[in-house]
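2 protein chains.
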Amino acid sequence: MGVVTPRAATSRAATPPKQDRSRATRRRLLESAVACLAERGWSGSTVSVVAEHAGVSRGAAQHHFPTREDLFTAAVEYVAEERSTALRAITPAGRAEAVASLVDLYTGPLFRAALHLWVAASNEPQLGDRVAELEGRVGREAHRMAVELLGADESRPGARETVQGLLDMARGLGLATLLRDDGARRERVVAQWARIVDEALG
Amino acid sequence: MGVVTPRAATSRAATPPKQDRSRATRRRLLESAVACLAERGWSGSTVSVVAEHAGVSRGAAQHHFPTREDLFTAAVEYVAEERSTALRAITPAGRAEAVASLVDLYTGPLFRAALHLWVAASNEPQLGDRVAELEGRVGREAHRMAVELLGADESRPGARETVQGLLDMARGLGLATLLRDDGARRERVVAQWARIVDEALG
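Protein chains in written order, with UniProt numbering: chain P, 1 to 202; chain W, 1 to 202.
The structure is reproduced here in structure tokens:
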């Protein structure tokens, strides 16, 4: 594909092309898993459907992810990591912007995919424990980052619960978004609660 | 069944037994629909499954609810009405109790059933519009009751958004409850947010 410059050739020598391809395939499968879950829900998202969406053979997909549960928990973990990376890149100008960024985490196709996985997990014992463990880990990470973005002092009584409640509110706003586009309402709620949280955190 | 007293005989004459039975069957179907949705999700909840759960023939079920969408939107509407009735029966001692009662609306099997319906509706066009309409109606009713229970003065700037954000938080807490029983965490968040809302509403 195109001309290989000496620099690219060196970097390709350091990372074998086969490993590169394998990593790209894995990433494509995870992105397709998220897209399928968000668009078709759990019952419509089999490994075959995801492999086809990713343009990968079923065998190659199973080489990366032996079971459907492996594929989808890895997909949500991947989503969570992408969201953390995106959040880390933010340097909010103030608490209002920090609150808006946190709420944004819970809307869009990434949250939608996670929601489908949670609902499916609540009825699928093989999936339940893994998703609960993953959700606990993701939740702790989101909390840690929220504390940092908001500059919250958790030694103050109530500060921890204020931040937790804010993340719960963000999750509830994401759920409301699932059915109808209520961006205008969401903005008003977020603006008011940014003021309230700012005051509560001192 | 048993001895019919004169009083009962009179009331049965006023309301024909056939209509009574029909109403009881309808109610049993709606309760079974909620139970099936909460336990098995949308894909596992067909009209046949619900009819069997209710101990009703498939034909009788279809007499009441011609389509699957009819049955499940009626079920969520029934749930919403039951919740409204329960809320109306509450006379909270203060705002903290009001907040706790509102949050309770969003946990338990009723919310769980509604959540399954929402997620299914986001992927099923026939269901989507009806559920969005229903959700809008239920949401407005929940808001109206929250304003009343909290004694909020919506003419004050920000009061409306404060109440809305609280209901979004309750929804988010309900979603967190889906995967793991975090009753202790929930109680701490609710206690802190009750204080915050009390102050914000003045």
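The C-beta atom is built at its ideal place from N, Cα and C for all residues, glycine as well. The structure displayed is predicted, hence computed values, not measured ones.
Let me know the secondary structure DSSP gives residue i once reduced to three states.
{"i": "leucine 105(W)", "result": "coil"}
{"i": "phenylalanine 72(P)", "result": "helix"}
{"i": "arginine 156(P)", "result": "coil"}
{"i": "valine 56(P)", "result": "coil"}
{"i": "serine 48(W)", "result": "helix"}
{"i": "glycine 2(P)", "result": "Low per-residue confidence applies at glycine 2(P): pLDDT is 41, beneath 50, and the placement is therefore not dependable, though the value from the model is reported in the following sentence. Note: glycine 2(P) maps to coil in three-state DSSP."}
{"i": "threonine 85(W)", "result": "helix"}
{"i": "glycine 174(P)", "result": "helix"}
{"i": "glycine 41(P)", "result": "coil"}
{"i": "alanine 8(W)", "result": "Reliability of the predicted coordinates at alanine 8(W) is poor, the pLDDT of 44 falling under 50, and the value obtained from them is presented with this limitation in mind. The answer is helix: DSSP assigns alanine 8(W) an H, G or I state."}
{"i": "arginine 188(P)", "result": "helix"}
{"i": "glycine 151(W)", "result": "coil"}
{"i": "proline 17(W)", "result": "helix"}
Just confirm the distance between the C-beta atoms of residue i and residue j, as a whole number of angstroms; I'd bet it's less than 8 Å.
{"i": "alanine 96(P)", "j": "alanine 170(P)", "result": "14 Å between Cβ atoms; not a contact."}
{"i": "phenylalanine 65(W)", "j": "alanine 74(W)", "result": "6 Å"}
{"i": "leucine 166(P)", "j": "valine 79(P)", "result": "In fact, because the Cβ distance is near 21 Å, the residues do not count as touching under 8 Å."}
{"i": "arginine 23(P)", "j": "threonine 46(P)", "result": "The pair is not a contact, with the Cβ atoms about 23 Å apart (cut-off 8 Å)."}
{"i": "isoleucine 196(P)", "j": "leucine 149(P)", "result": "With 8 Å as the limit, isoleucine 196(P) and leucine 149(P) do not qualify as a contact, their Cβ atoms being about 16 Å apart."}
Please determine, among the options, the residue with the shortest C-alpha to C-alpha distance to residue i.
{"i": "arginine 83(P)", "options": "Ala93(P), His63(P), Tyr106(P)", "result": "Tyr106(P)"}
{"i": "arginine 180(P)", "options": "Ala38(W), Gly165(W), Gly136(W), Thr91(W)", "result": "Gly136(W)"}
{"i": "arginine 140(P)", "options": "Gln126(P), Arg160(P), Ala121(P), Leu127(P)", "result": "Arg160(P)"}
{"i": "glutamate 199(P)", "options": "Ala89(P), Leu71(P), Thr162(P)", "result": "Thr162(P)"}
{"i": "alanine 86(W)", "options": "Gly174(W), Ala142(W), Ala152(W)", "result": "Ala142(W)"}
{"i": "alanine 42(W)", "options": "Val119(W), Gln19(W), Thr25(W), Gly108(W)", "result": "A small fix is needed here, since residue 42(W) is tryptophan in this sequence, not alanine. Nearest C-alpha to tryptophan 42(W): Val119(W)."}
{"i": "arginine 144(P)", "options": "Val197(P), Leu102(P), Phe111(P)", "result": "Leu102(P)"}
{"i": "arginine 188(W)", "options": "Asp168(P), Ala184(P), Glu187(P)", "result": "Asp168(P)"}
{"i": "aspartate 129(W)", "options": "Ala93(W), Gly158(W), Asp70(W), Gly94(W)", "result": "Asp70(W)"}
{"i": "arginine 28(P)", "options": "Glu39(P), Ala60(P), Gly44(P)", "result": "Ala60(P)"}
{"i": "leucine 110(W)", "options": "Leu37(W), Val49(W), Ala93(W), Arg26(W)", "result": "Leu37(W)"}
{"i": "arginine 40(P)", "options": "Ala114(P), Leu150(P), Ala24(P), Glu124(P)", "result": "Ala114(P)"}
{"i": "glycine 151(W)", "options": "Glu77(W), Glu133(W), Ala93(W), Gly172(W)", "result": "Ala93(W)"}
{"i": "threonine 25(W)", "options": "Ala35(W), Val34(W), Ser57(W)", "result": "Ser57(W)"}
{"i": "alanine 35(W)", "options": "Gly183(W), Gly158(W), Arg112(W), Arg185(W)", "result": "Arg112(W)"}
{"i": "valine 76(P)", "options": "Glu124(P), Glu31(P), Glu52(P)", "result": "Glu31(P)"}
Are there 16 or more other CB atoms within 10 angstroms of the CB of residue i, so buried, or fewer, so exposed?
{"i": "histidine 63(W)", "result": "exposed"}
{"i": "glycine 174(P)", "result": "buried"}
{"i": "arginine 88(W)", "result": "exposed"}
{"i": "serine 122(W)", "result": "buried"}
{"i": "glycine 108(W)", "result": "exposed"}
{"i": "glutamine 19(W)", "result": "exposed"}
{"i": "arginine 21(W)", "result": "exposed"}
{"i": "aspartate 104(W)", "result": "buried"}
{"i": "threonine 177(W)", "result": "buried"}
{"i": "arginine 186(W)", "result": "buried"}
Can you tell me whether residue i sits near the ligand ADP, meaning its C-beta is under 7 Å from at least one heavy atom of the ligand?
{"i": "aspartate 182(P)", "result": "For the ligand ADP, the structure offers nothing, since it holds no ligand at all."}
Against chain C: residues of the stretch 133-156 of chain P by CB proximity under 9 Å
Included in the structure are the protein chains P and W, with no chain C among them.
Positions along the stretch 167-189 of chain P whose CB lies within less than 9 Å of some CB in chain W
Leu167, Asp168, Met169, Ala170, Arg171, Gly172, Leu173, Gly174, Leu175, Ala176, Leu178, Leu179, Arg180, Arg185, Arg186, Arg188, Val189
Output needed in chain order: residues of the stretch 110-132 of chain P with a Cβ under 8 Å from some Cβ in chain W.
If the cut-off is 8 Å between Cβ atoms, the stretch 110-132 of chain P has Arg112, Leu115, His116, Trp118, Val119, Ala120, Ala121, Ser122, Asn123, Gly128, Val131, Ala132 near chain W.
According to a CB-to-CB cut-off of less than 9 Å, which residues of the stretch 58-86 of chain W neighbour chain P?
none
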